[in-house]
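Right, one structure below, let's go through it.
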Amino acid sequence: MIKLVTILAMLLAALNGCSIEQAAIATQPYIEEVVLTLTAHFALTSDGDVLSWGENEQGVLGLGYSSGEVVKIPQKIEIGEPVKKIVTSSLANTVFAVTTSGKVYGWGSNAYKIISSENTPIYYSPVLMDFGIPVAEIKLSHYLVTIAEPNGKIFGLGWTQKGASIHPKQESAFLASSHDIMEINIDSGEPISQIENSVIYRAFINSKNEVFVQGALVENKIMFEKATQVPFPEPIIQIGPMFQGLVGLSETGKLYFIGEDRFGIVGDDTSEYFDIYEEAVLIDKISVSIKDISVSSSSIIVHTEKGDFYTWGYNLGKNNSENEKEIISIPTKLDFNENVRYYYCGEFSNVLITKSHDVYVWGSNAYYIYMDESREASYQPTKINILKQGA
Numbered sequence: 101m102i103k104l105v106t107i108l109a110m111l112l113a114a115l116n117g118c119s120i121e122q123a124a125i126a127t128q129p130y131i132e133e134v135v136l137t138l139t140a141h142f143a144l145t146s147d148g149d150v151l152s153w154g155e156n157e158q159g160v161l162g163l164g165y166s167s168g169e170v171v172k173i174p175q176k177i178e179i180g181e182p183v184k185k186i187v188t189s190s191l192a193n194t195v196f197a198v199t200t201s202g203k204v205y206g207w208g209s210n211a212y213k214i215i216s217s218e219n220t221p222i223y224y225s226p227v228l229m230d231f232g233i234p235v236a237e238i239k240l241s242h243y244l245v246t247i248a249e250p251n252g253k254i255f256g257l258g259w260t261q262k263g264a265s266i267h268p269k270q271e272s273a274f275l276a277s278s279h280d281i282m283e284i285n286i287d288s289g290e291p292i293s294q295i296e297n298s299v300i301y302r303a304f305i306n307s308k309n310e311v312f313v314q315g316a317l318v319e320n321k322i323m324f325e326k327a328t329q330v331p332f333p334e335p336i337i338q339i340g341p342m343f344q345g346l347v348g349l350s351e352t353g354k355l356y357f358i359g360e361d362r363f364g365i366v367g368d369d370t371s372e373y374f375d376i377y378e379e380a381v382l383i384d385k386i387s388v389s390i391k392d393i394s395v396s397s398s399s400i401i402v403h404t405e406k407g408d409f410y411t412w413g414y415n416l417g418k419n420n421s422e423n424e425k426e427i428i429s430i431p432t433k434l435d436f437n438e439n440v441r442y443y444y445c446g447e448f449s450n451v452l453i454t455k456s457h458d459v460y461v462w463g464s465n466a467y468y469i470y471m472d473e474s475r476e477a478s479y480q481p482t483k484i485n486i487l488k489q490g491a
């Protein structure tokens, strides 16, 4: 029987024009993407499995463990069907998994009823979510969920955005929230091409590359009850939501910012007060054309047309520089020369995945992203083997 299997493998490899070794490599699972919350890390495999490790703040690991438990080696989350997308944000303790069949599972914090309408503050394991509408795309933050239907309609749920955003007790957070979806009207007459969530606002780009914001871009200072167009000097092809600010990448490869510059994204950290930009301003820090970006609430990674990566912002874990400064306002070029197909900006750690599916991380090791507790924070990308370590 073993000989027959070997002969069949040789025949299939020959028919596909590759060696047995190449055929074996092609069928091995690999890491599609890695996303990060403040205390936890999640890897999606090519087989549709989701692995998690880190600190289980508010059940965020989805493994059924109690809050605060530490998992240093990746473990598989039991979801029951293949996953095609993991959705979270850097300051959230909630994670959604979108399956290949279009279902959405959620776990972690339900503080603002973004998982269910029940007064259950934490879900330690994945639960199936039913929004009553088909989901084409979904985004979340600690406070808000935004959903795009296949027909282009946009809906939101979670915090009602009424009153103060700080709720010291869980009961007050529940009272200020709703799991009932509400339609968000964007009066542009154009299809929406990108949806994003910051902590307490939503942002959108339409097919004309116009930007709209709904919510508090800067709390108590720049606020939009309804989705409102925010003018930029030129068409915007990508947006990056930050805490109290929004980055826009133009079609000519330039970066713009609107909001409160808390982390030296536009200026530096020498001012006594944070500068607030009520109109979009140019971020004049990168002299070459920018291809795309990834942001956390406090940092940014830019990927240039030349293939280089630069980072700056909040530097608590050497995620933006080997320098010990808290704020890095001058972009640091990452020393990395391989071809990259995926990258992710976390709060204090970052991720690169190469075209050959190797995973590299850099920044803080406070929550064991290196899967080796002896590792110290470093700005040098380090290769990790999630599948070898994972269960």
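First residue of the sequence shown? That's 101 in the numbering used here, and the numbers climb one at a time after it.
Even for Gly, the Cβ is constructed at its ideal location relative to N, Cα and C.
- In the DSSP assignment, Leu-487 falls within the alpha helix (DSSP H) that extends over 486 to 489.
- Val-318 places its beta carbon 9 Å or farther from that of Glu-379.
- For Ala-140, the enclosing beta strand (DSSP E) begins and ends at 140 to 145.
- Shortest Cα-Cα distance from Gly-252 to any of Gln-175, Ile-453, Ala-236 involves Ala-236.
- For Glu-132, no alpha helix (DSSP H) run applies; the uninterrupted beta strand (DSSP E) run containing it begins and ends at 131 to 136, by DSSP.
- Pairing Val-135 with Ile-179 gives a Cβ-Cβ distance that is not under 9 Å.
- Just measuring C-alpha positions, the residue of Lys-308, Ile-284, Ser-265, Val-299 sitting nearest Pro-291 is Lys-308.
- Contact between Ser-190 and Ser-421 is ruled out by a C-beta separation of about 18 Å, above the 8 Å threshold.
- In this structure, Ser-394 lies away from Ile-383, with their beta-carbon atoms at least 9 Å apart.
- Under the 8 Å Cβ criterion, the segment 360 to 370 does not count as touching the segment 200 to 215, having fewer than three qualifying pairs.
- The segment 341 to 366 is shown to contain no whole alpha helix (DSSP H) run of 4 or more residues.
- For Ile-222, the closest of Asn-156, Gln-261, Ile-177 by C-alpha to C-alpha distance is Asn-156.
- Counting every other CB atom within 10 Å of its CB across the protein chains shown gives Gly-263 a total below 16, marking it as exposed.
- Secondary structure note for Phe-274: its alpha helix (DSSP H) is the uninterrupted segment 270 to 275.
- A contact between stretches requires three or more CB pairs, one per stretch, nearer than 8 Å, and the segment 269 to 278 fails this requirement with the segment 318 to 328.
- The closest CA to that of Gly-340, considering only Ile-247, Thr-199, Lys-239, is found on Lys-239.
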